[in-house]
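Report on one structure; see the data block that follows.
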Amino acid sequence: MNTDMRASAFSSMPDEDGKFGIFGGRFVSETLVSALSELEEFYKKISSEEKFMEQLDEDLVSYVGRPTPLYEANRWSDQIGGARILFKREDLNHTGAHKINNAVGQALLAKHMGKTRIIAETGAGQHGVATATIAARLGLECQIFMGEKDIKRQELNVYRMKLLGAEVVSVCSGSRTLKDAMNEAMRDWVTRVDDTFYVIGTVAGPHPYPMLVRDFQSVIGREARIQSLDKIGRLPDALVACVGGGSNAIGLFYPFLDDAGVSMFGVEAGGKGLETGQHAAPLNSGLPGILHGNRTYLMQTNDGQIMDTHSVSAGLDYPGVGPEHAWLKDIGRVEYVVSSDEEALAAFQNVTRIEGIMPALETAHALAYTEKLAADLDSDKCIIVNFSGRGDKDIQTVAQLKGIEV
Amino acid sequence: MSRIAKRFSDLASKNRKALITYVVAGDPTLDITNTLMHEMVASGADLLELGVPFSDPMAEGPIIQAAHERALSNSVTLTQIFEVVSRFRQKDKETPVVLMGYANPIERMSYEKFARAASDAGVDAVLTVDLPIEEIAFSSRIFAEFGLESILLVSPTSSEERIHRIVSKAEGFIYSVALTGVTGDKNLDFNQVKSQVMSIRRLSSLPVVVGFGIKDAETAKSISSVSDGVVVGSAIVDCLAKQLLAPSIAISNVRSFVSAIRDGMDGIAYDLQVD
Chain A
30 MNTDMRASAF
40 SSMPDEDGKF
50 GIFGGRFVSE
60 TLVSALSELE
70 EFYKKISSEE
80 KFMEQLDEDL
90 VSYVGRPTPL
100 YEANRWSDQI
110 GGARILFKRE
120 DLNHTGAHKI
130 NNAVGQALLA
140 KHMGKTRIIA
150 ETGAGQHGVA
160 TATIAARLGL
170 ECQIFMGEKD
180 IKRQELNVYR
190 MKLLGAEVVS
200 VCSGSRTLKD
210 AMNEAMRDWV
220 TRVDDTFYVI
230 GTVAGPHPYP
240 MLVRDFQSVI
250 GREARIQSLD
260 KIGRLPDALV
270 ACVGGGSNAI
280 GLFYPFLDDA
290 GVSMFGVEAG
300 GKGLETGQHA
310 APLNSGLPGI
320 LHGNRTYLMQ
330 TNDGQIMDTH
340 SVSAGLDYPG
350 VGPEHAWLKD
360 IGRVEYVVSS
370 DEEALAAFQN
380 VTRIEGIMPA
390 LETAHALAYT
400 EKLAADLDSD
410 KCIIVNFSGR
420 GDKDIQTVAQ
430 LKGIEV
Chain B
109 MSRIAKRFSD
119 LASKNRKALI
129 TYVVAGDPTL
139 DITNTLMHEM
149 VASGADLLEL
159 GVPFSDPMAE
169 GPIIQAAHER
179 ALSNSVTLTQ
189 IFEVVSRFRQ
199 KDKETPVVLM
209 GYANPIERMS
219 YEKFARAASD
229 AGVDAVLTVD
239 LPIEEIAFSS
249 RIFAEFGLES
259 ILLVSPTSSE
269 ERIHRIVSKA
279 EGFIYSVALT
289 GVTGDKNLDF
299 NQVKSQVMSI
309 RRLSSLPVVV
319 GFGIKDAETA
329 KSISSVSDGV
339 VVGSAIVDCL
349 AKQLLAPSIA
359 ISNVRSFVSA
369 IRDGMDGIAY
379 DLQVD
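Protein chains in written order, with our numbering: chain A, 30 to 435; chain B, 109 to 383.
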């Protein structure tokens with residue numbers, strides 16, 4: 030996308046095989062290889078065309094509502110009594126999260142490739158809603174694959190997608206959650222590869238998806254960089270973002286990767302605690318393996334079977350992670366940590382009360398870690414947190430945990 | 109000469125087409141898999157393909173997905189699968205056995221340990237669905253060291269140029285995927301299958317077998333008339349799925365089904381002879 034940004038070491042990946050070191054790649058059956066090559070070629074060509082990029086920028090401004098503000102959370106910073114904390118307000122995007130940045134980009138690609146139908150997988154429903162939204166706007170047929178379990182847990186988003194004209198396909202295989210929805214979307218794509226574009230929602234999947242999604246999400250970090258210079262007169266000292274598949278995190282981190290003075294923290298879902306095995310933190314406790322078309326860290330058994338995950342936040346409930354994160358972990362550029370369910374819920378409550386902004390439970394994981402980090406830093410230090418989504422969708426979950434009927 | 113090469117050359121000399129049957133190892137139990145292997149050979153199968161269960165079998169249709177789940181609910185492991193093959197080899201030293209699965213369980217075990225154990229057990233070849241030619245070099249080199257052949261897929265979306273690259277790396281036989289879709293799908297197009305097999309033949313002298321979507325004697329007959337053989341999977345696995353509570357009935361149903369396919373295919377071999 031922005032070629033000068035790919036010039037130096039950290040931001041120059043993936044290589045031409047779609048690898049980030051040993052991670053990434055294209056581990057798919059033969060039928061999909063040509064579709065992925067076609068997508069890669071098409072993307073390379075069109076992302077260098079000014080007209081396409083102008084159209085994308087225009088959509089991001091007038092439809093998504095970008096740029097999103099960089100907001101200084103003064104009261105919260107004061108309460109913690111450490112570093113200054115800034116929120117990159119992705120929750121203010123159309124549909125309430127960063128997911129739309131990528132959905133708009135990929136749908137535009139689909140349209141330019143002449144595809145008439147788009148499909149997507151979704152866990153909590155945020156990416157499904159974003160995809161259904163852009164499908165409605167572009168007049169594309171849209172099917173969303175969602176695990177049977179998630180459909181039950183996220184009724185509101187299911188109805189939202191239907192209102193937008195999408196068909197929601199219930200996936201009853203495997204663990205009946207996000208990973209199985211992704212398998213099923215792949216199976217659909219392999220069957221209708223001629224007329225269908227698969228809009229993957231995170232920086233996982235086979236090459237070129239991890240690169241594609243990262244590029245579309247990098248608008249977050251590009252804006253944050255300019256806004257930081259503007260607001261505090263320099264780059265921030267640290268960046269914090271939650272990591273499920275890792276699209277909001279890579280979106281914020283990527284444009285800063287070559288700035289040695291900026292430290293970065295990706296926060297995984299610690300669930301009930303790493304020691305319980307009930308979590309979704311492959312970078313903290315998984316092993317490299319192959320799933321969904323790429324090599325990355327995975328939560329897996331000794332026999333190489335993919336494990337069920339647990340997180341209070343459906344959006345982080347995924348046994349894998351984007352391959353670029355796996356690489357950034359191994360080379361030590363980004364530190365990956367965890368916040369537990371409990372810590373995330375406390376941060377959810379606290380930030381809602383003290384800043385009047387209700388975070389998504391995913392975002393709350395990043396906030397919980399930010400609280401610890403900020404407390405350890407002096408007040409002249411500055412942290413940017415990716416406020417990846419708003420919390421309205423989680424009200425029912427939170428109420429249920431507190432035993433309140435809504 | 110490898111067991112696979114020998115089998116295909118014997119078949120060719122008898123003017124008989126290869127029937128390759130697929131079941132998932134451990135579906136519904138490893139003992140039944142062992143019985144089925146012998147029964148399928150007795151009913152006319154020439155090569156056996158054993159699915160290695162994986163939690164996320166991306167290329168499979170619903171019937172085979174469910175079989176993977178059944179096997180995993182019994183916690184079937186690669187080591188147990190090797191034991192099943194080795195038991196089979198005690199009685200049957202001729203019928204080739206191919207393992208078909210996904211890369212992750214193999215990678216977890218390590219390609220080398222896997223290859224050594226598979227080879228010791230009497231496995232002849234491995235088809236790793238999610239290792240396309242760009243990713244196959246490493247595993248196929250190690251497999252070759254242990255005498256295992258790497259089976260590769262050609263699909264309807266493979267360009268002429270890709271087919272060229274695939275056949276140059278292929279061993280054993282070439283698995284020509286009949287349709288764009290998952291195992292057990294329905295939209296098989298005879299003319300498309302025929303022309304795909306012909307493109308492969310122009311570039312390779314290895315046997316070409318066709319799989320995905322072959323579910324009855326009639327289709328097996330017509331497809332084997334334009335190829336060196338067929339792979340039948342979902343339809344057999346479905347016989348098991350329909351009689352989970354009565355394994356002996358399931359086994360006898362598989363036996364009759366495989367015999368029916370065999371008869372259909374031999375019919376065409378006979379027709380061709382008299383032409």
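Backbone N, C-alpha and C define an ideal beta-carbon position, used for all residues, glycine too.
Against A:F56, the close residues of chain B are A211, D238, L239, P240 and E243, in the order they occur along the chain (beta-carbon pairs closer than 8 angstroms).
Contact of A:K48 with chain B is not assigned, every C-beta pair being separated by 8 angstroms or more. Residues of the region 376 to 387 of chain A whose Cβ lies closer than 9 angstroms to any Cβ of chain B: none. The alpha-carbon separation between B:S333 and B:E147 amounts to approximately 25 angstroms. In this structure, A:V62 places its C-beta atom within 8 angstroms of the C-beta atom of B:P240. Here B:D293 is actually not in contact with B:V317; their C-beta atoms are around 17 angstroms apart, not less than 8 angstroms.
In this structure, DSSP gives A:K301 a state outside helix and strand, which the three-state scheme calls coil.
DSSP places A:A164 inside the alpha helix (DSSP H), whose first and last residues are Q155 to L167. The straight-line gap separating the alpha-carbon atoms of B:G372 and B:V338 is approximately 12 angstroms. The residue among B:V192, B:A226 and B:M208 with its C-alpha nearest the C-alpha of B:M145 is B:V192.
B:M306: member of the alpha helix (DSSP H) spanning F298 to L311, first to last residue. Shown here, A:Y238 sits in a helix according to DSSP, grouped into three states. Interface annotation, B:A167: in contact with chain A, CB-CB separation under 8 angstroms. Listed in chain order, the non-local C-beta contacts of B:I140 below 8 angstroms within the same chain comprise L348, P355, A358 and I359, local neighbours out to five positions each way being set aside. For A:R216, the neighbours in chain B by C-beta distance under 7 angstroms run, in chain order, M166 and V290. If the five residues before and after B:K329 are omitted, its C-beta is found closer than 7 angstroms to the C-beta atoms of G372, M373, G375 and I376, all from its own chain and listed in chain order.
Nearest to B:I244 by C-alpha distance, out of B:Y210, B:D232, B:E177 and B:V231, is B:Y210.
For A:Y365, DSSP records a beta bridge to A:G295. Closest by C-alpha distance to B:T265, out of B:L235, B:S303, B:V234 and B:S258, is B:S303. Going by C-alpha positions, A:D179 is about 35 angstroms away from A:S76.
Neighbours of B:L180 across chain A, judged by C-beta separation under 8 angstroms: Q334. Around the Cβ of B:N299, a 10 Å sphere holds fewer than 16 other Cβ atoms; the residue is exposed.
For A:I109, the closest Cβ of chain B is not nearer than 8 angstroms. In the structure shown, the three-state DSSP call for A:R146 is strand. Distance between A:I383 and A:S91, taken at the CA atoms: about 31 angstroms. A buried status is given to A:K117, since no fewer than 16 other beta-carbon atoms sit within 10 Å of its beta-carbon. A residue is called buried when at least 16 other Cβ atoms come within 10 angstroms of its Cβ; B:F246 does not meet this threshold and is exposed. Scanning chain B for C-beta atoms nearer than 9 angstroms to the C-beta of A:S63 yields S263, T265, S266, S267 and R270, reported in chain order.
With a contact defined as Cβ atoms closer than 8 angstroms, A:R419 and A:D86 miss out at about 24 angstroms. The Cβ neighbour count for B:S313, taken over all protein chains shown within 10 Å, is under 16; the residue is labelled exposed. For A:T206, there is no enclosing alpha helix (DSSP H), since its DSSP letter is neither H nor E. Between A:V232 and A:G351, the C-beta gap is smaller than 8 angstroms, which places the two residues in contact.
Residue pairing for A:C271: DSSP places it in a beta bridge opposite A:V296. For A:K422, the CB contacts under 8 angstroms within the same chain, skipping 5 residues up- and downstream, are G125, A153, G154, Q155, Q183, L185, N186 and A389 in chain order. If you compare the alpha carbons of A:I109, A:L345 and A:F282 with that of A:L406, the shortest gap goes to A:I109. With a threshold of 8 angstroms between beta carbons, A:T220 makes contact with chain B.
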